Amino acid sequence: MTDFTKTKALFDIPAGVIYLDGNSLGPLPKDAPVRVASMMKNEWGQLLIGGWNKAGWIQQPTSVGDRIAKLIGAEENSVVMGDTLSIKVYQAVASALELNPDRKVILSDNGNFPTDLYMTDGLIRTLNDGHELRIVNSGDVEAAIDDTVAVLLLTEVDYRTGRKHDMKRLTEKAHAAGVLTVWDLAHSAGALPVDLSACDVDFAIGCTYKYLNGGPGAPAFIYVAPRHFEKVRPALSGWLGHETPFDFDIEYKAGSGIERMRIGTPPIIALAALESALDIWDMVNIEDVRAKSNELCDLFVKEVEARCPQLALDTPRNSEVRGSHVSFRFADGYAVMQALIARGVVGDFRAPDTMRFGFTPLYIDELDVLAAVDILEDIMTNALWNTEAFKTKLEVT
Ligand SMILES: *Cc1c(COP(=O)(O)O)cnc(C)c1O
222 MTDFTKTKAL FDIPAGVIYL DGNSLGPLPK DAPVRVASMM KNEWGQLLIG GWNKAGWIQQ
282 PTSVGDRIAK LIGAEENSVV MGDTLSIKVY QAVASALELN PDRKVILSDN GNFPTDLYMT
342 DGLIRTLNDG HELRIVNSGD VEAAIDDTVA VLLLTEVDYR TGRKHDMKRL TEKAHAAGVL
402 TVWDLAHSAG ALPVDLSACD VDFAIGCTYK YLNGGPGAPA FIYVAPRHFE KVRPALSGWL
462 GHETPFDFDI EYKAGSGIER MRIGTPPIIA LAALESALDI WDMVNIEDVR AKSNELCDLF
522 VKEVEARCPQ LALDTPRNSE VRGSHVSFRF ADGYAVMQAL IARGVVGDFR APDTMRFGFT
582 PLYIDELDVL AAVDILEDIM TNALWNTEAF KTKLEVT
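My numbering puts the first residue of the sequence shown at 222, with every later residue one more than the last.
Okay, here's the thing in structure tokens:
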């Protein structure tokens, strides 16, 4: 059984803060500043350019990728780090389309995060080859899978409602219709067990700054099923994905296996911070995380519904079809969230009216949940949110 008291002590959370926004940006692991400072002083400072060889920087995208692979049920050497999740969406969808050249439809749902849809739209414009992005309601995805579809692009857990798709069933259905799958794990990696290999997923992508706690702008990851390695032709064919980058060949030749999904110079400072976050994951069983997260979410839903009748639950009650956050809707949800943050309960807001609360057992326990609901009840019962200051929108919500 994972010792969550121990993991909680490994994070630097300001006194008086109940942090319910790990679904957007995980908190600081206490070791991260130490690790980053040491990397900067001893590696960058002392080794200079030699760090690429002597400190193994050049291998880090794949060595860190292997650490992520363990958390998402991926085979060894099938995950590589780099860039942002938006770039990885482009890379994965472009590669998947090339593997299914006779079809033109990319199927997604309206619960997907906008950047996934925007990047696909941009890709379609670049390809200029008659592709279509077909967006259906989340509940209609399964019925919309047919033999016109080239690629199914889904985010497993909806960033607004927390609704979780059935990855295994939808991937099976897609494959039966000759459709390739791209799964976005932004709200899954570190939140719940994922088994890419058992689900037979073709491509997966995700970020590391949410539940994995890698820090703001931490590098994203991409997974390619090993069966596709030799056929995948990277649309973003950067020099570090070349078979022999240091031959400085004029002609691009894709590197072996997952290496070909590398693009350019990896962010070594950010990878150092991410590695310290992953050290904590080495002490954690993801099944325990899931069980505890379900308990915390259930407790929060029960308490809020009993004590704050003004708020409408927007997340499935059944934990099997839910991720690790809970959303409530309220017309002035933005102001309520600002009032909560002013009292140390940090969640976030998604337009037009959704308040999101992430439950991350690594550093949140039952007492935190109950304390947060006490404050929320006070704010709702006494309309403490109803001030101009709380209603004034900041740039990042
Ligand atoms: C958070 C999130 C993103 C963010 O993309 P970035 O390029 O890292 O800014 C993309 N897709 C989904 C589904 C997300 O939840």
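Glycine is no exception: its CB is placed at the ideal position from the N, C-alpha and C atoms. Here the structure is a predicted model, which means the values were calculated and not measured.
- Membership of Arg538 in any alpha helix (DSSP H) is not indicated, and neither H nor E is assigned to it by DSSP.
- In chain order, Ser514, Leu517, Cys518 and Ser545 place their CB closer than 6 Å to the CB of Phe580, counting only its own chain and leaving out the 5 sequence neighbours on each side.
- Per the coordinates, the alpha-carbon of Glu393 lies some 8 Å from the alpha-carbon of Cys420.
- A straight-line Cα-Cα distance of about 15 Å links Thr602 and Ala552.
- In the DSSP assignment, Asp569 is bridged to Arg577.
- Distance between Tyr339 and Pro573, taken at the CA atoms: about 19 Å.
- For Ser245, DSSP assigns no beta-bridge partner whatsoever.
- For the pair Cys428 and Ala407, the Cα-to-Cα distance works out to about 5 Å.
- Look at the beta carbons and you see the stretch 304-324 not touching the stretch 497-507: under three pairs across the two are nearer than 8 Å.
- As DSSP reads the structure, His386 sits in no beta bridge.
- The Cβ-Cβ distance between Leu318 and Val357 does not fall below 7 Å.
- When DSSP states are grouped into helix, strand and coil, Thr228 belongs to the helix group.
- The shortest C-alpha to C-alpha distance from Val547 to any of Glu541, Tyr555, Gly554 and Pro537 is the one to Pro537.
- Residue environment analysis places Gln281 among the buried positions, since at least 16 neighbouring C-beta atoms fall within 10 angstroms of its C-beta.
- Relative to ligand 1, the beta carbon of Cys518 is positioned no closer than 6 Å to any heavy atom.
- Annotation: the stretch 406-447 contains the following complete segments of the alpha helix (DSSP H) (minimum length 4 residues), in chain order: 417-420.
- Annotation: the continuous beta strand (DSSP E) that includes Asp330 extends over Val326 to Asp330.
- Counting along the chain, no beta strand (DSSP E) covers Val400, and no H or E run does either.
- One thing to note: Tyr432 has its Cβ no nearer than 7 Å to the Cβ of Ala295.
- Per DSSP, the unbroken alpha helix (DSSP H) holding Ser284 starts and ends at Gln281 to Leu292.
- With fewer than 16 other beta carbons inside 10 angstroms of its own, Val255 counts as exposed.
- Glu353: member of the beta strand (DSSP E) spanning Glu353 to Val357, first to last residue.
- Counted as a single uninterrupted DSSP element, the alpha helix (DSSP H) harbouring Thr602 occupies residues Glu587 to Thr602.
- Cβ atoms of Ala533 and Arg550 come within 8 Å of each other, at about 5 Å.
- According to the DSSP secondary-structure assignment, Ile239 is paired through a beta bridge with Val566.
- If you compare the alpha carbons of Glu598, Asp589 and Leu597 with that of Thr226, the shortest gap goes to Asp589.
- CA-CA distance, Ala498 to Pro250, rounds to 6 Å.
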